[in-house]
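Below is one structure; the comments refer to it alone.
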Amino acid sequence: KDALFDGIDTTWTRVPTSEAIAEKVKQLLATFAPADPAASVPKLLELRKELSNIDRKDWFIAKTGEIDVLIAACLGLNIESSTMSATVSAGQTLPIKLEAINRSNVPVQLVEASIPVTGQNLRLDAPLPQDQFVAKDLTPALGKDVTYTQPYWLRKPAALGTFTVDDQKLIGLAENPLAFPVEVFLRVGDQDLRYLVDTKYRSVDPIIGEVRQNLVIAPPVFANLQNAVFVFGDDKPKTIQVRVTASTDAVRGQLRLEAPKEWRIEPASVPIDLPAAENESFATFTIHPPSNANDATLRAIVNVDGHDYSFARERISYQHIGAHTLMPPAEAKIIRADIKKKGELIGYIPGAGDDIPQSLQQIGYDVKLLDGPEIKAENLKRFDAVVLGIRAYNTQNRIAAWQAELLEYVKAGGVVVAQYNTTADLKTKQIGPFPLEISRDRVTDENAEVRILAPDHPLLNTPNKITATDFKGWVQERGLYFPNKWDANWTALLSCNDPGEKALDGGLLVAK
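In the numbering used here, the protein residues as written are 1 to 512.
Following this line, the structure appears as C-alpha cells:
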C-alpha cells in the first residue's frame, strides 16, 4: 500500500442500489461546461431526485446538501440576510433584509423564509429573474428566552483545564452555531431546495468599505467592575467604580453590588437611567472589608423591569478572527489580607505587560512608571524600591544603559526587584549585580509544592511573613526560565518542581 486509503472503497459501489446515481454523476462530470454551469442544473436536479430512492437516508441527507450547494454555484445564486443592528436583546424586533440574486437563466422561485430562533414562517412567493436583486424586509420579534451569543464553552464556570458544556452536540464545534439563521426555501424546476443563511450585521467602514460581522444577542445592560481583583491590605474602606452600559435600547433600573455579609457595601443600590443604546454611566460604591483575612466574590447586578442581569462586556476584534463580544459574569475577587507595608514610593520599569503596578497601588503604594531620563541613580534615590516588569530585559532596548544606574542605586542602599526574563533576545548579558544564568527550566503544575529554602531569611519574614499558604490559588504554571547557575553571592529562597522532575532552586534569588 502506498496511501492511507489504498484498498478502501470510496466509490458509490459501496452504497446499495446506487448504480443509477453513479451513472448520473459520470454524465454530469462528462458534460459539465465551465462557460455555462447553469446547463448542468437539470441533471443535478435529476441526480437529487434519484438520491431519494436509496435505502440509506443518511446518505440522502448528506449528499442532497452537497448537491444543493452545487446547484447554487451553477445558478450563480447568492442569498444574504443582513441587519443594520449590531446587537439585539430578548423581546425586541430585529429588522432584517433578505436579498437574493440568480445569475442564470434558469427559473427560480423564492417560496418561503423560516426563522428558527423566533419560530416564524414568512411566505415570499417571489420569482428571481436573471441578474436582478430581489429584496424582502422582515421584522421578526425575538422571544423572551433567547440564547445569548456568548461562546458556548464560556457560558458556565470552567473547572481546572476543562469547560462545562451541557449540550453534547456543541462539543467540538470551533465556534457557536449560527446566531440568527434564516431558512430560505426555493423552487428550482419541480423541486424545493433549502438554504440556511446567517443574519449578519452590515456596516460601512470609511477605510475598508462594507463590513459584515456576527450579530450579537445580548442582555439589555452590562456592568463592568473597574478591576478583576480588589485587595484590601487593612480594614480601611475603598471606593470602586462600576461602568453600566445599555446594550440595545434605553435602560432604567437599579444597580447593586453583592458580597458575603462580612463585607459591608454602601449605598445599597444606585439608580440607572440610560436614554439610548451604548450610553453608559459610572456608579461609585464604598466597600468596607472585614477585620480578618477573607476572600470572596463581588457581583454587580442591574435590575431592569424586575429582572436581574449580571454580565460584563469584553470586545475582541482582530482582522484574522473578526469581532467578538464576550459576556462574562459581572464579578470581581475581593481579598482582605493582613499586609504590613514598608515604604511608600515605588518606581516601575515596564516590560512586556503585567498588572503589578495596579496591584501595588491597591495595597497602598504610590507607583511611578519610569522611562528614559528618569532612570538615573541620583533620581532613583527617592524610591523605596524599583521593580522591573516581566521580561524587561527582553523588551527594553535601553536596559543595558539603565543597568549601570540601577546597580549604582542598589550600591547606595536601594532595592531592585526583577521578574522573569527569557533566554532569547536578552538586551544585556548582565541581568544582576552578580553572575547568573537563565535556563529554559519550568514548573508547569500550578499546584506544585513550593519549598522555602531559607525560612529565617529577612526577606521572607519582614515586613510580612511568607509561608506555603501564600502560594495557594496559583492560576498558571509555578514558574519558567528558572536560573540554573548563580554566583555564591546569591541566596536561593524558593524551590519547586513538577512531579517526578528535579528540584529547581532558582525560583527566587536574593543578593545584597
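For glycine and all other residues, C-beta sits at the position ideal for the given N, C-alpha and C.
Local Cβ density within 10 Å of residue i, reported as buried at 16 or more and exposed below that
i                 : result
alanine 159       : exposed
threonine 467     : exposed
lysine 485        : exposed
serine 317        : exposed
glutamine 226     : exposed
phenylalanine 434 : exposed
glutamate 80      : buried
serine 291        : exposed
asparagine 397    : exposed
asparagine 105    : exposed
glutamine 361     : exposed
glycine 209       : exposed
glutamine 150     : buried
proline 289       : buried
asparagine 461    : exposed
proline 140       : buried
serine 18         : buried
alanine 412       : exposed
isoleucine 8      : exposed
isoleucine 334    : buried
asparagine 224    : buried
threonine 199     : buried
Sheet register partners of residue i (DSSP bridge)
i              : result
serine 82      : Lys97 and Lys200
glutamine 191  : Val188
glutamine 254  : Pro271 and Asn303
threonine 423  : Note: threonine 423 sits in no beta bridge, so no partner.
tyrosine 318   : Gly322
valine 117     : Answer is none; valine 117 lacks a bridge partner.
leucine 494    : Ile452 and Leu508
histidine 288  : Arg264
arginine 212   : Arg202
tryptophan 486 : Leu436
alanine 418    : Leu388
asparagine 224 : Arg243
serine 281     : Val244
glycine 347    : Lys368 and Val386
glutamine 109  : Pro127 and Arg187
leucine 480    : Arg442
proline 463    : According to DSSP, proline 463 bridges with nothing at all.
C-alpha distance - residue i paired with residue j, whole-angstrom precision
i                 : j              : result
leucine 193       : isoleucine 321 : 31 Å
threonine 83      : arginine 202   : 6 Å
lysine 144        : asparagine 421 : 51 Å
valine 231        : serine 359     : 8 Å
alanine 268       : serine 85      : 35 Å
glycine 189       : lysine 169     : 35 Å
isoleucine 375    : leucine 255    : 45 Å
isoleucine 67     : leucine 215    : 29 Å
arginine 103      : leucine 142    : 33 Å
aspartate 498     : lysine 429     : 28 Å
lysine 427        : glutamine 403  : 11 Å
lysine 63         : leucine 47     : 10 Å
tyrosine 348      : glycine 161    : 33 Å
alanine 39        : aspartate 167  : 43 Å
glutamate 530     : threonine 164  : Nothing can be reported for residue 530: it is not among the residues displayed for the chain, which extend from 1 to 512.
valine 41         : alanine 352    : 58 Å
phenylalanine 222 : alanine 300    : 9 Å
arginine 14       : alanine 22     : 11 Å
isoleucine 217    : isoleucine 171 : 21 Å
alanine 424       : alanine 488    : 25 Å
aspartate 305     : methionine 327 : 21 Å
phenylalanine 5   : threonine 11   : 12 Å
leucine 154       : proline 329    : 10 Å
tyrosine 195      : arginine 264   : 56 Å
Whole-Å CB distance - residue i paired with residue j, under 8 Å assumed
i                 : j                 : result
leucine 504       : phenylalanine 482 : 5 Å
valine 443        : arginine 478      : 4 Å
valine 219        : alanine 250       : Note on identity: in this sequence residue 219 is proline, with valine being the wrong assignment. With a Cβ gap of about 14 Å, proline 219 and alanine 250 do not count as contacting.
phenylalanine 180 : valine 242        : About 30 Å; that fails the 8 Å criterion.
isoleucine 272    : valine 229        : Not quite, the Cβ-Cβ distance comes to about 25 Å (not below 8 Å), so this is no contact.
isoleucine 452    : leucine 493       : 7 Å
valine 88         : threonine 248     : 6 Å
isoleucine 287    : lysine 238        : 6 Å
alanine 283       : valine 270        : 4 Å
leucine 28        : leucine 44        : 7 Å
alanine 385       : glutamate 405     : The Cβ separation is near 15 Å, so there is no contact.
glycine 233       : alanine 400       : That belief does not hold up - the Cβ atoms of glycine 233 and alanine 400 are roughly 36 Å apart, past 8 Å.
isoleucine 115    : valine 182        : 6 Å
Contact between the region 120-136 and the region 310-325 (3+ Cβ pairs under 8 Å): no
Cβ contact check for the region 44-58 and the region 84-104: 3 or more pairs under 8 Å: Short answer: they don't touch.
Three CB pairs or more closer than 8 Å across the region 362-373 and the region 334-350: Yes: the two stretches touch, three or more of their Cβ pairs being nearer than 8 Å.
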